[in-house]
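Protein chains in written order, with our numbering: chain A, 1 to 123; chain B, 124 to 526. Here the structure comes first, spelled out in C-alpha cells, and everything after it is commentary.
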Amino acid sequence: MKFLISLHINPAVLDALTDEEKAAIGDGHSKLIEALKESGELINTLALVDPSQAAVVSVGNGQPVVTDGPFLESKEFLGGFYLIDCENKERAVELAARIPDAAIEGLGVEVRQVMFADGQLEA
Amino acid sequence: MTAPDIEDLLRELTPQVLGALVRRHGRFEGCEDAVQEAVLAATVQWPAEGVPNHPRGWLATVASRRLIDQMRSDHARREREAATATEAAPAEVPDTDDTLVLLFLCCHPTLTAASQTALTLRAVGGLTTAEIARAFLVPEATMAARISRAKQRIKAAGSTFTLPGGVELEDRLRVVLHVLYLIFNEGYTASSGSRLHRADLAHEAIRLTRTVHAQLPEDGEVTGLLALMLLIHARRTARTTASGDLVPLDEQDRTKWDRALIEEGIELVKAALAGPALGPYPLQAAIAATHADAATAEETNWPQVHALYLILERIAPNPMVTLNRAIALAETEGPQAGLALLSTVDGDDRMAGHHRLLSVRAHLLEKTGEAAGAYEHYRRAAKATASIAERRYLESRAGRVRP
C-alpha cells in the first residue's frame, strides 16, 4: 500500500529551534531515509523551500495572476513529503512516528493512503 | 519459437534451474542472481540464434558459470572451491522439480508478505525486478532493495533447501497459498495504473498455483485455491465497462463469463470438496461456483450460498465472512435480516469505518426503502475506499438514492 506522509511545518516554530535541535532534525531524516531505502519501502521524498519563496497562481478571465508568497494567512505549510510503499496503515503510522518533526510541538506529520499514481513509474 | 513462447519456456524452466543450483551449491542468494543473469542472456540470445536443444541444460550451465565467476570475485581464496564446482557442473540438471521447495523458501516466515510476494515472483515466477516493480507501481530501485533484503534475510535465517515435514509443511503451505492469493488479488482488483501489467499478475498467480497443484494434487486447499482463482478470473471481462467502471456481480453480462474456466473450476471444486477436511479455499470456491452456476443473478441459489458462508464462518471466523453471509441472508430472508446480522460486526475493530461494511449496509438500506440512510452510507463508503473505480461506483449509487 502506498502512503503519502506529508510534513506540515511552521517556519516560526522552526526558527525558534537551536542549531543543535535543527541538526538533530536533519540527522533524524537522514537515518530514516537510509532505513527506508534498505527496507525497500521508500518511493520518493521531497523537501520544499521556505513558503516565503512560493508563488501563488490564479487565473481570472483567462489571465494568469501570479503573486509572491504563500497561499493563505496560515501558520503551517507543506514542508515536504515521503512517498512510501509499505505493508499497511499501521506500518505507515509507525514510520511517520519516526520522523523527527512528529516530536516537535507546532509541526505536523500526516499519513494518507495514495489512491492514484502516475508519472515516474514507467521505465 | 516466437518471443512469447520463449518467455513461457523461461518461466517454466527458471525455478527448475534455480532449484537444481541451490540444491548443488546452497547459497540461495548467489544462485538466484546467477539464474536471473542466465535468463536475461537467454532472452537476448534465443530469439536471435534459436532455442538450444537442451534449454534447461543451457540455462544451468550459463548460471553455474556466472555463479562461479561471482564466487571467484567474492573471495580469491575460494578459487580452489570454484574450480571443483566447475568440474562438477552438470551439463544436464537432475530431473527433479524443486519449484515447491523454492516456493517454501521464498515464502519464508521471517519475511513480510510484500517481500515474500516479490521474491516468489522473481525466483519462482522468473519475472525480472523491473517487471515486478512495474506490476506493483513502484520504482525499480525500491523493488530491488526489497528483493535484496529478502534474500539476505533468508540467508541469515540459515534455512536449508528441503521441504519441511508434518505440521510445519502445513503451516508453510498455508503461507505459500496466501502469497499466491495476494498476487492474484493484486492483479485482479487493479483499478488504476497500468492495467496490462497487473492482469499479468493474475495469470502468473494462476500458473504458479497450477504448478503447486500438479505437485500436490491431493491437497484440498491447493485444489480449492486454484478453483477459486479460475472461477473469479472467469468473470474478468464482465467486471468492468469499456470505460473502466465496476459492474457488480448481479448486473454483470454472464454471457461474457469464460465458460471453459468455469467448467474447470467447478470440476476442481468437486474434487476439493470430496476430500476429508474442508478448508476455507474450497468453501470460497464452492460459493464462487454457486454464483457461476446461475444463468442469471435471479437464479442464484442463495440458500446454498448462505449455508456455505455459515460453514466458512464456523471453521474460519472472520467479520468479513459474516458480512458476506449478511448479503446472502438478505437474499433469502429479506434485507432486515441482513441488517440485523451486520450489526453484530459493528463492534469489531477490523470493521470500524470499513468501506465494505458501509457499502453493504447502504445496499441493504436501499432495499428496505430507507433512501436517506442508504444515501448517507453510500457517501461514507465512497469516502472510505482507496479505489477510484469503487468510489465512482459508490458515488453513482448515492446519486441514485439521493432523497
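Glycine included, C-beta positions come from ideal geometry on N, C-alpha and C. From a predicted model like this one, the values you see are computed outputs, not experimental measurements.
Simplified DSSP state of residue i, which is helix, strand or coil
| i | result |
| --- | --- |
| D85(A) | strand |
| V111(A) | strand |
| P262(B) | coil |
| N77(A) | Just to set this straight, residue 77(A) is Phe in the shown sequence, not Asn. Three-state DSSP puts F77(A) in a strand. |
| V174(B) | coil |
| L250(B) | coil |
| V370(B) | coil |
| P458(B) | helix |
| Q375(B) | coil |
| E215(B) | Note that E215(B) has pLDDT 48, beneath the 50 cutoff, so the model's placement of it is unreliable and no number is given. |
| D68(A) | strand |
| T283(B) | coil |
| T360(B) | helix |
| S315(B) | Legend: pLDDT at S315(B) = 48, less than 50; position of this residue unreliable, no value from coordinates given. |
N-terminal and C-terminal residue of the beta strand (DSSP E) that residue i is part of
| i | result |
| --- | --- |
| A47(A) | 42-47 |
| S238(B) | Not the beta strand (DSSP E): S238(B) falls in the alpha helix (DSSP H), residues 236-242. |
| L7(A) | 2-9 |
Residue i at chain B interface by Cβ criterion, 7 Å
| i | result |
| --- | --- |
| G40(A) | yes |
| D85(A) | yes |
| F81(A) | no |
| F3(A) | no |
| F77(A) | no |
| I33(A) | no |
Residue range of the unbroken alpha helix (DSSP H) whose run includes residue i
| i | result |
| --- | --- |
| G60(A) | Unbroken run through G60(A) is the beta strand (DSSP E), 55-60; no alpha helix (DSSP H). |
| S39(A) | 19-39 |
| R514(B) | 511-524 |
| F227(B) | 222-229 |
| L396(B) | 382-397 |
| D469(B) | Careful: D469(B) lies outside any alpha helix (DSSP H) and carries neither H nor E. |
| E436(B) | 425-438 |
| A495(B) | 494-507 |
| S482(B) | 478-491 |
| L401(B) | No alpha helix (DSSP H) contains L401(B), which DSSP labels as neither H nor E. |
| R150(B) | Looking at the DSSP string, R150(B) is not in any alpha helix (DSSP H), and its letter there is neither H nor E. |
Any C-beta of chain A under 7 Å from that of residue i
| i | result |
| --- | --- |
| A521(B) | no |
| A449(B) | no |
| I306(B) | no |
Heavy atom of the ligand FMN within 6 Å of residue i beta-carbon
| i | result |
| --- | --- |
| P526(B) | The ligand FMN is not part of the structure shown, which contains no ligands of any sort. |
Q: Could you name the residues of the segment 255-278 of chain B whose beta carbon sits closer than 9 Å to any beta carbon of chain A, in the order they occur along the chain?
A: A256, R257, F259, L260, V261, P262, E263, A264, T265, M266, A267, A268, R269, I270, S271, R272, A273
Q: With 7 Å as the C-beta to C-beta threshold (strictly closer), list the residues of the segment 224-248 of chain B near chain A in chain order.
A: T235, A236, A237
Q. Any residues in the segment 96-114 of chain A with a beta carbon nearer than 7 Å to a beta carbon of chain B? Which ones, in chain order?
A. Q113
Q | Contact list for the segment 37-63 of chain A against chain B, Cβ threshold 8 Å | A | K37, E38, S39, G40, E41, L42, I43, N44
Q. Using 8 Å as the threshold, is the segment 242-258 of chain B in touch with the segment 59-70 of chain A, meaning 3 or more CB pairs across them?
A. no
Q: Check whether the segment 47-57 of chain A touches the segment 269-278 of chain B, taking contact to mean three or more Cβ pairs, one atom from each stretch, closer than 8 Å.
A: no
Q: Output, in sequence order along the chain, the residues in the segment 501-520 of chain B whose CB is closer than 9 Å to any CB in chain A.
A: T508, A509, S510, I511, R514
(Q) With three or more C-beta pairs closer than 8 Å as the rule, is the segment 53-60 of chain A touching the segment 277-284 of chain B? (A) no
(Q) Would the segment 91-110 of chain A count as touching the segment 5-12 of chain A if we require 3 or more Cβ pairs under 8 Å? (A) Segments in contact, yes.
Q.
Closer than 8 Å is the cut-off here; do at least three beta carbon pairs connect the segment 341-352 of chain B with the segment 393-413 of chain B?
A. yes
Q | Inter-stretch contact at 8 Å, needing at least 3 Cβ pairs: the segment 249-269 of chain B / the segment 294-304 of chain B | A | The answer is no - the segment 294-304 of chain B does not touch the segment 249-269 of chain B, with fewer than three Cβ pairs under 8 Å.
Q) Three or more C-beta pairs closer than 8 Å, one from the segment 363-383 of chain B and one from the segment 336-343 of chain B: is that the case here? A) With the cut-off at 8 Å, the segment 363-383 of chain B and the segment 336-343 of chain B do not touch.
Q. Is it true that the segment 422-441 of chain B meets the segment 384-393 of chain B, where meeting means three or more beta-carbon pairs spaced less than 8 Å apart?
A. The segment 422-441 of chain B, when compared against the segment 384-393 of chain B, does not touch it at the 8 Å Cβ threshold.
Q) Pairing CB atoms from the segment 483-492 of chain B with CB atoms from the segment 433-452 of chain B, are three or more of them under 8 Å? A) yes
Q: Would you check if there are 3 or more beta carbon pairs closer than 8 Å linking the segment 130-141 of chain B to the segment 19-34 of chain A?
A: Output reads no: the segment 19-34 of chain A does not touch the segment 130-141 of chain B.
Q: Report yes or no: do the segment 84-99 of chain A and the segment 134-154 of chain B share at least 3 C-beta pairs separated by less than 8 Å?
A: no
Q. So does the segment 230-241 of chain B actually touch the segment 141-151 of chain B, counting three or more Cβ pairs closer than 8 Å?
A. no
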